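Engineer: Everything in the sequence shown is counted per full-length UniProt numbering, starting at 1 for the first residue and increasing by one.
There's a structure below that I have some questions on.
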Amino acid sequence: MEWKNIYRGMLMGVSNIIPGVSAGTIALVLGIYDRLIVSISDFFSPRWRQTLGFLIPLGIGIIGAIMAFGRLITWLITHFEQPTQFFFLGLIIGVVPLLFKQSDMKKKFKAVHYTVLILTASLVGTIGIVNPDETAVVLDLTMVNGIWFFIAGWVASMSLLLPGMSGALVLILFGVYYTAMNALATLDLPVIFILASGIIVGFVISSKFIKYLLNNFPYMTYAAIIGLLLGSCVLVYPGFGNGGAAVFPSLLTFAAGAYTALMLGSKK
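Right, here's the structure in full:
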């Protein structure tokens, strides 16, 4: 068992709670993205036993962090939104040079790759224009909203596999984010089970598709991933509010996030 994956999973789990931040981005920062995609894909194949040592500790960390830190992240976002968001913005910016190097962008990218990069970044960035106000918590579970929760979990599962795509933001767009956070806080098991089922089904399909793209169209896939990351900066960037009082703390947390990503990337 790769027990160090517990702390990696915890970082990925915390990121999934924050709107605009992607667990896939954290996987890139930690240098385990490619192996994550292969392991999830192989888990649903005859080679599933070979993936357990990697996935079990990672899953323990992800689930443990979501259950343990859901309230803490909500508190940080409520009381220190700007510095918290700037930390994750620093993480995203810090991982981009690693992707440039890993994809051999200067030598391998052609006009079509840059076109895909720009289109992907633009598409993700425009999601920030959408400002849903679905803050109500669903307390009565029905077949209709149960199906909706399942679909939301399915789409949100892609955030673990695609850097720059936020699972929490997906839940907000589906209008179920606050219901999901309430379910975690109150241990509403039926809602948690439905969302988790959608996430698992999403893993089965999405992981195999992304693995295929990485194996057969690596540079095009990297172009899309870089575009997703750059576009997600628009979603994470909170602006400078509070009359400038939080500017210095925000710059510090941004620098800390960027430094963390660069250090982890250099170790990789």
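Beta carbons: idealized from backbone N, C-alpha and C, even for Gly.
Bear in mind the structure is a predicted one, so any value in this text is a computation, not a measurement.
Give the DSSP-derived three-state secondary structure of Tyr237 in the structure shown.
Structural biologist: To locate residue 237, count along the sequence shown from 1; it is residue 237. Reduced to three states, the DSSP call for Tyr237 is coil.
Engineer: Within a Cβ cutoff of 6 Å, which residues of the same chain sit near Ile226, ignoring the five residues on either side of it in sequence?
Structural biologist: Position 226 of the sequence shown, counted from the start, is the residue given in the question as residue 226. Only Leu99 and Leu117 meet the Cβ criterion.
Engineer: Looking at C-alpha atoms only, which residue of Phe193, Val112 and Leu187 is the closest neighbour of Ile147?
Structural biologist: Mapped onto the sequence shown, residue 147 falls at position 147. Out of Phe193, Val112 and Leu187, Phe193 has the C-alpha closest to the C-alpha of Ile147.
Engineer: By the three-class DSSP mapping on this structure, what secondary structure does Val112 have?
Structural biologist: If you number the sequence shown from 1, residue 112 lands on position 112. Correct three-state label for Val112: helix.
Engineer: Take every Cβ of the segment 257-266, pair it with every Cβ of the segment 140-157, and state whether three or more of those distances are shorter than 8 Å.
Structural biologist: They do not touch, by the three-pair rule.
Engineer: Return the CA-CA distance between Thr221 and Ala121, expressed in angstroms with no decimal places.
Structural biologist: Stepping through the sequence shown from its first residue, residue 221 is reached at position 221. Stepping through the sequence shown from its first residue, residue 121 is reached at position 121. So the alpha carbons of these two residues sit roughly 13 Å apart.
Engineer: State the Cα-Cα distance for the pair Ser22 and Met143, rounded to the nearest angstrom.
Structural biologist: Counted from its first residue, the sequence shown places residue 22 at position 22. Counted from its first residue, the sequence shown places residue 143 at position 143. Cα to Cα, Ser22 sits roughly 29 Å from Met143.
Engineer: Please name the residue in Leu72, Ala224, Gly31 and Val138 whose C-alpha comes closest to that of Val176.
Structural biologist: Here residue 176 refers to the residue found at position 176 of the sequence shown. Val176 has its Cα closest to that of Val138, out of Leu72, Ala224, Gly31 and Val138.
Engineer: Can you say whether Asp140 is buried or exposed, counting buried as having 16 or more other CB atoms within 10 angstroms of its CB?
Structural biologist: Looking up residue 140 in the sequence shown gives position 140. Asp140 is exposed by the Cβ-count criterion.
Engineer: When the distance is taken between beta carbons, is Ala168 closer than 8 Å to Ile17?
Structural biologist: Here residue 17 refers to the residue found at position 17 when the sequence shown is read from its first residue. Here residue 168 refers to the residue found at position 168 when the sequence shown is read from its first residue. Yes, the pair counts as a contact, with Cβ atoms nearer than the cut-off.
Engineer: If I'm right that Tyr7 touches Gly64 with Cβ under 8 Å, what's the distance once you round it to whole angstroms?
Structural biologist: As a first step, residue 7 is located in the sequence shown; it is residue number 7 there, counting from the start. As a first step, residue 64 is located in the sequence shown; it is residue number 64 there, counting from the start. 10 Å between Cβ atoms; not a contact.
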